[in-house]
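Working notes for the structure below.
Chains as they are written, first to last, in the working numbering: chain A, 1 to 268; chain B, 1 to 275.
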């Protein structure tokens, strides 16, 4: 009997320890700061959005009275939200009669805040692109390219074949030395350059950078997207055995030979 | 001699994984190697039937893993070759009946008694597939020269590499030379261009395979079958990676065809066996 009792108490102790640990890690992903102009919500750039949402929901439920009716400014400098993510966030906040002010509206106010930053927000916040190389869960951890946005360069360079089922997302340009096979997905906010055969799906200029281009040594994508436009090769289209580049011209995705001068698009 | 665990997989179903496993296993055993073929397609077992051993099953892979019997009790000795054994899958269970750790232990156990352990993987990329590759030293992907199969093979290559296994090799199965010639089928080059991996063999489409499967007798016993000789050659390449790929499997010379018509057998394969 005595033995059983001890073990039970150890288990419950361990459980409460576990809970405490969980609480801490959950809270570490988000930060809510009170400022002169209201509350400022900062989201950890590397954490999956669902976890952030859980953490926020937990935080709000701890002190519902405090947060009720408050307006919350979202700090998008380290992590920007997709439309669907933003909707989810707004739904959660609506439960507490809270609203989201976008950062742009409060940008001026925040410049002032930065002078008196709380200790755990670095004072030298710089606008940095978020890098995520998203792979399927079955990928072994060592294969996942986890690049820290702070010490990476602008452009993501990959020297391998991107195969079916693999998805690469990056907030800037992507250069691939290798092929992009059917069933692979490349999504970049900037340009996509494939030094190889492009057979998969590429989205350059995601979500709305219309000056983005896609080029490859052989351009035969399943589908090509630039900014908000989507195109596919016309039925019966003969693949041109030459390097080509695609860009938006007068509101349409246009594919041209990537030859002398043609590729030299004027970029600002 | 150190033993090799080789998993035969494909992603897509129906491309010839089980047929390939049965024939490579038989061909390796014909070379005097001690071979175990393992059916890891739990719930949809077929390898036993292709080898003509279904009526001898008493225990299966799940029984071994669960400790219901010893490995030796579950291994079924082939009726033709003394060095070939089959570990059948359970038919009344599903893929979740075993986990990756158990499968890896099983591979280690089989390694001690055999030169070659060939694992027949289920289709798909779920638990059953992961179990099948976990203990493998090498992966052989079976693909047909058509788009769906090649795309699935490409997906599998990505997953195999992500699992930390060496780059898989390819068996291109059911190639129809006359269709390729007409431009109606992807040829070897087209497939390799997308997948970018090494070939172990090219197996032509062959009606005799269906007859062989129904009889429960692997096609490698059929001296006049081109598919059979292709499998024999592939087995040679598995034993000794230096054997060059012959283009004869795709474009047989007139003389060769004539010789085979009169039953002189696959000359290429015989030459290799002797050397």
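Backbone N, C-alpha and C define an ideal beta-carbon position, used for all residues, glycine too.
These numbers come from a predicted model, not from an experiment.
Residues near residue i by beta carbon distance below 6 Å, same chain, minus five either side
i	result
residue 239 (chain A)	220
residue 42 (chain A)	31 and 75
residue 264 (chain B)	Model confidence at residue 264 (chain B) stands at a pLDDT of 49, short of 50, so the residue's coordinates are unreliable; what they give is reported in the following sentence. Contacts found: none.
residue 136 (chain B)	5 and 7
residue 110 (chain B)	36 and 117
residue 255 (chain A)	244 and 246
residue 150 (chain B)	143, 191 and 194
residue 23 (chain A)	Residue confidence for residue 23 (chain A) is low, a pLDDT of 45 falling below 50, so the modelled location carries little weight and cannot support an answer.
residue 156 (chain A)	170 and 174
residue 235 (chain B)	24, 27 and 28
Other residues of its chain near residue i: CB distance less than 7 Å, five sequence neighbours each side excluded
i	result
residue 65 (chain B)	98, 102 and 106
residue 62 (chain B)	42, 90, 93, 97 and 98
residue 160 (chain A)	178
residue 104 (chain A)	In this predicted model, residue 104 (chain A) has a pLDDT of only 48, less than 50, meaning its place in the structure is not dependable; the value taken from the coordinates is given anyway. Result list for residue 104 (chain A): empty, nothing under 7 Å.
residue 154 (chain B)	194 and 195
Terminal residues of the beta strand (DSSP E) in which residue i lies
i	result
residue 249 (chain A)	244-249
residue 9 (chain B)	4-9
residue 74 (chain A)	71-75
residue 211 (chain A)	Counting along the chain, residue 211 (chain A) falls outside any beta strand (DSSP E), and DSSP gives it neither H nor E.
residue 72 (chain B)	First-last for residue 72 (chain B): 71-74, but that is the alpha helix (DSSP H), not the beta strand (DSSP E).
residue 253 (chain A)	252-257
residue 138 (chain B)	138-143
residue 201 (chain A)	201-204
residue 127 (chain B)	No beta strand (DSSP E) contains residue 127 (chain B), which is instead part of the alpha helix (DSSP H) from 127-134.
Residue range of the alpha helix (DSSP H) that includes residue i
i	result
residue 107 (chain B)	100-111
residue 54 (chain B)	Unbroken run through residue 54 (chain B): none, as it is neither H nor E.
residue 159 (chain A)	Taken as a continuous stretch (DSSP letters only), residue 159 (chain A) belongs to no alpha helix (DSSP H), as it is neither H nor E.
residue 86 (chain A)	83-94
residue 211 (chain B)	207-215
residue 176 (chain B)	Counting along the chain, residue 176 (chain B) falls outside any alpha helix (DSSP H), and DSSP gives it neither H nor E.
Cα-Cα separation, residue i to residue j
i	j	result
residue 45 (chain A)	residue 170 (chain A)	13 Å
residue 35 (chain B)	residue 53 (chain B)	15 Å
residue 80 (chain B)	residue 118 (chain B)	18 Å
residue 45 (chain B)	residue 96 (chain A)	56 Å
residue 127 (chain A)	residue 238 (chain B)	Per-residue confidence for residue 127 (chain A) stands at a pLDDT of 36, beneath the threshold of 50, marking its modelled position as unreliable; the derived number appears in the next sentence. Distance between the alpha carbons of residue 127 (chain A) and residue 238 (chain B) is about 54 Å.
residue 31 (chain B)	residue 232 (chain B)	10 Å
residue 253 (chain A)	residue 237 (chain A)	15 Å
residue 59 (chain B)	residue 60 (chain A)	57 Å
residue 226 (chain A)	residue 196 (chain A)	19 Å
residue 88 (chain A)	residue 98 (chain A)	13 Å
residue 222 (chain A)	residue 199 (chain A)	6 Å
residue 166 (chain B)	residue 19 (chain B)	24 Å
residue 65 (chain A)	residue 86 (chain A)	23 Å
residue 58 (chain A)	residue 232 (chain A)	45 Å
residue 21 (chain B)	residue 47 (chain B)	8 Å
residue 172 (chain B)	residue 166 (chain A)	23 Å
residue 221 (chain B)	residue 154 (chain A)	60 Å
residue 140 (chain B)	residue 196 (chain B)	14 Å
residue 94 (chain A)	residue 56 (chain A)	13 Å
residue 74 (chain B)	residue 86 (chain B)	8 Å
residue 145 (chain B)	residue 84 (chain B)	30 Å
residue 71 (chain B)	residue 205 (chain A)	57 Å
residue 226 (chain B)	residue 234 (chain A)	41 Å
residue 126 (chain B)	residue 194 (chain A)	31 Å
residue 69 (chain B)	residue 57 (chain B)	13 Å
residue 51 (chain B)	residue 213 (chain B)	8 Å
Same chain, Cβ closer than 8 Å to residue i, neighbours up to 5 away in sequence not counted
i	result
residue 230 (chain B)	201, 202, 203, 204 and 249
residue 276 (chain B)	Since the first and last residues shown for chain B are 1 and 275, residue 276 (chain B) lies out of range.
residue 4 (chain A)	Because residue 4 (chain A) sits at a pLDDT of 43, beneath the cut-off of 50, its placement in the model cannot be relied upon, and the point is left open.
residue 121 (chain B)	7, 8, 9, 10, 17, 40, 41, 128, 129, 132 and 133
residue 192 (chain B)	170 and 199
heavy atom of the ligand FMN below 7 Å from residue i C-beta
i	result
residue 88 (chain A)	Among the components of this structure there are no ligands whatsoever, and the ligand FMN is therefore not found.
- Task: Mind the definition here: the stretch 13-32 of chain B touches the stretch 243-262 of chain A only if three or more C-beta pairs lie below 8 Å; say whether that holds.
- Result: Contact fails between the stretch 13-32 of chain B and the stretch 243-262 of chain A, because fewer than three Cβ pairs, one in each stretch, are under 8 Å apart.
- Task: Compile a chain-ordered list of the residues in the stretch 197-229 of chain A whose CB is closer than 7 Å to at least one CB of chain B.
- Result: For the stretch 197-229 of chain A, which is checked against every Cβ of chain B, not one residue is closer than 7 Å.
- Using a Cβ-Cβ cut-off of less than 7 Å, list which residues of the stretch 168-185 of chain A approach chain B; keep chain order. Of all residues in the stretch 168-185 of chain A, the ones placed with a Cβ closer than 7 Å to any Cβ belonging to chain B are 181, 182 and 183, in chain order.
- Query: Closer than 8 Å, Cβ to any Cβ of chain A: which residues of the stretch 151-182 of chain B, in chain order?
  - Reply: Using a CB distance below 8 Å, the part of the stretch 151-182 of chain B facing chain A consists of 151, 152, 154, 155, 157, 158, 159, 161, 162, 163 and 164, ordered along the chain.
- Message: Across the stretch 216-236 of chain A and the stretch 177-197 of chain B, are there enough close Cβ pairs to call them in contact, namely three or more that are closer than 8 Å?
- Response: Between the stretch 216-236 of chain A and the stretch 177-197 of chain B, the count of Cβ pairs shorter than 8 Å is below three; the stretches do not touch.
- Query: Between the stretch 184-200 of chain B and chain A, which residues of the former have a C-beta closer than 8 Å to a C-beta of the latter?
  - Reply: Within the stretch 184-200 of chain B, contact with chain A at the beta-carbon level (separation under 8 Å) is assigned to 193, 194 and 196.
- Task: State whether the stretch 242-253 of chain A contacts the stretch 195-214 of chain A, with contact taken as three or more CB pairs (one from each stretch) at a distance under 8 Å.
- Result: The stretch 242-253 of chain A, when compared against the stretch 195-214 of chain A, does touch it at the 8 Å Cβ threshold.
- Cβ-based contacts, 7 Å cut-off: residues of the stretch 155-168 of chain A near chain B: Residues are counted here when their Cβ sits less than 7 Å from a Cβ of chain B; for the stretch 155-168 of chain A these are 161, 163, 164, 165 and 166, given in chain order.
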